[in-house]
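Asks:
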Amino acid sequence: MTSPSTAPEPKGTGTLVDNGASRHSRIMGVGAYRPARVVMNSEIIDKIDSSDEWIRERSGIISRHFAAPDESVIDMSEHAARQALEHAGVSPEQIGFVLVATVTHPYQTPAAAPELASRLGSTAPALDISAACAGYCYGVAMASDMVKGGSADYVLVVGVEKLSDFTDPYDRGSAFIFGDGAGACVVGPSDTPGIGPTVWGSDGTQRDAITQKQAWTDVRESWQAAQADKNVWPAIGMAGQTVFRWAVWGMAPVAQQAIDKAGIKADDLDAFIPHQANIRIIDAMVKQLKLPADIPVARDIVTTANTSAASIPIATTRMLAEKEIPSGGLALQIGFGAGLVYAAQVVVLP
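Just so we're aligned: 189 in full-length UniProt numbering is position 189 of the sequence shown, and the numbers increase by one with no gaps anywhere.
1) Could you name the residues of the same chain whose beta carbon sits closer than 6 Å to that of Val254, not counting the 5 residues immediately before and after it, in chain order?
2) State yes or no: is the C-beta of Pro313 within less than 8 Å of the C-beta of Gly183?
3) For Thr167, which residues in the same chain have their Cβ closer than 7 Å to its Cβ, ignoring the five residues on either side in sequence?
4) How is the beta strand (DSSP E) around Glu86 delimited, first residue to last?
5) Between Leu99, Gln212, Arg82, which lies nearest to Gly135 when the distance is taken from Cα to Cα?
6) Could you tell me which of Gly121, Leu120, Ala126, Arg119 sits nearest to Pro110, measuring between CA atoms?
7) With a threshold of 16 other CB atoms inside 10 Å of the CB of Ser59, please say whether the residue is buried or exposed.
8) Taking all protein chains shown into account, do 16 or more other C-beta atoms lie within 10 angstroms of the C-beta of Ala293, making it buried, or fewer, making it exposed?
9) Would a check of beta-carbon distances place Pro8 closer than 8 Å to chain D?
10) The alpha helix (DSSP H) with Ser118 in it runs from where to where?
11) Do Gly335 and Cys133 have their CB atoms nearer than 8 Å?
12) State buried or exposed for Asn41, treating a residue as buried only when at least 16 other CB atoms are found within 10 Å of its CB.
13) Apart from the five residues just before and just after Pro193, which ones in its own chain have a Cβ nearer than 6 Å to its Cβ?
14) With H, G and I counted as helix, E and B as strand and the rest as coil, what does DSSP make of Val254?
15) May I ask you to report which of helix, strand or coil DSSP gives Arg26?
16) Rounding to the nearest angstrom, what Cα-Cα distance links residue 352 and Ala67 in this structure?
17) Sort His79, Asn278, Ala277, Val302 by Cα distance to Leu157 and report the nearest one.
18) Label Gly150 either buried or exposed according to how many other C-beta atoms from any shown protein chain fall within 10 Å of its C-beta, with 16 as the threshold for buried.
19) Taking the beta strand (DSSP E) that Lys162 falls in, what are its first and last residues?
20) Can you name, in chain order, every residue of its own chain whose Cβ lies under 6 Å from the Cβ of Pro296, other than the five neighbours on each side?
21) Return the residue from the list Pro35, Val243, Met146 that minimises the CA-CA distance to His278.
22) Does DSSP classify Gly183 as helix, strand or coil?
23) Quick one: what does DSSP say Ser308 is sitting in, helix, strand or coil?
24) For Ala84, is the classification buried or exposed, using 16 other Cβ atoms within 10 angstroms of its Cβ as the cut-off for buried?
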């Protein structure tokens with residue numbers, strides 16, 4: 001697709017509601033990283049007895065990016081974070097907090113965030129967020145509250161996943177869905193509202209819908225004897241139809257609440273950037289929200305697959321770079337995934 005020579009102008013018809021905070025917050029810059037290796041559906045289908053056509057019809061996915069074997073969650077985070085800092089005009093020394101949303105950092109402890117901070121030359125407080133595909137939106141909400149509350153001036157938020165390490169290549173229901181990548185943003189102070197109220201929550205009764213197949217403690221006793229069994233690794237599995245129904249029917253109302261709480265109308269939006277879970281889920285949400293046809297919608301699922309916490313910032317960065325959406329415009333973003341958890345907010349694009 002050919003990018004336009006100039007970015008569109010923001011509609012400018014909506015202003016986020018002022019909640020009376022002593023100071024406001026906004027996203028100042030974004031960044032993204034996609035690993036070099038592109039994996040087409042043809043590399044996936046043999047192990048799951050499937051076809052390229054079946055995958056495209058079911059999910060919209062044509063390809064995805066896989067990180068190199070020696071490329072870590074922290075490596076990918078650093079690429080995206082440096083780009084976001086540069087875009088924001090903020091130096092590592094100015095970072096007041098580092099939040100990394102991920103479920104694929106292979107260490108229970110220490111977290112990825114402190115190591116990322118160190119690589120950037122920062123000694124800021126740092127922690128990981130385990131909220132799966134909603135992790136980035138959770139991070140934006142937390143960062144916004146930190147900035148508005150005065151506990152930090154600038155917060156780095158990263159969504160990153162190396163799902164190729166935790167995907168069962170023989171699982172027909174999930175092997176084709178996931179990809180690797182990182183996205184980041186810098187949240188800082190603003191004279192006017194730049195991040196709307198977050199609508200978020202969870203439904204722990206459905207924890208089995210997307211879950212690691214085995215607990216690490218279950219693996220401990222059998223690990224040595226099971227080394228030859230490729231399927232013993234505690235990969236992430238998903239009850240696809242359960243998740244699909246929940247996302248399609250449950251998340252559109254959450255997105256609408258985020259629009260309402262922001263004090264705007266759907267017509268005021270300049271972009272809709274949902275979590276890239278499935279093309280059919282995205283299309284169904286657009287229909288349920290009755291979004292005007294002129295609003296650009298992120299459909300990066302086609303070439304990046306589902307990158308969990310990284311999907312929204314990756315799409316945001318691309319859409320801004322390709323001038324598909326306007327700097328200063330209003331974007332509705334929503335993440336949802338394992339837990340089951342979700343979060344949505346309207347933000348002003350950097």
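Where is the CB? At the ideal position from N, CA and C, for every residue including glycine.
Replies: Based on what the coordinates show:
1) Val199, Tyr342, Ala344
2) yes
3) Ser174, Ala175, Phe178, Ala235, Ile236
4) Counting along the chain, Glu86 falls outside any beta strand (DSSP E), though it belongs to the alpha helix (DSSP H) covering 73-88.
5) Leu99
6) Ala126
7) buried
8) exposed
9) Any reference to chain D falls outside this structure, which holds one protein chain only.
10) 112-120
11) yes
12) buried
13) Leu16, Asp18, His24
14) helix
15) strand
16) The requested residue 352 is not part of the displayed model; the chain covers only 1 to 350.
17) According to the sequence as given, residue 157 is Val; it is not Leu. Comparing Cα-Cα distances from Val157 to each of His79, Asn278, Ala277, Val302, the minimum goes to His79.
18) exposed
19) 155-162
20) Ala271, Glu324, Ile325
21) The question names His, but residue 278 in the sequence shown is Asn. Checked all of Pro35, Val243, Met146; the closest Cα to Asn278 is Val243.
22) strand
23) helix
24) buried
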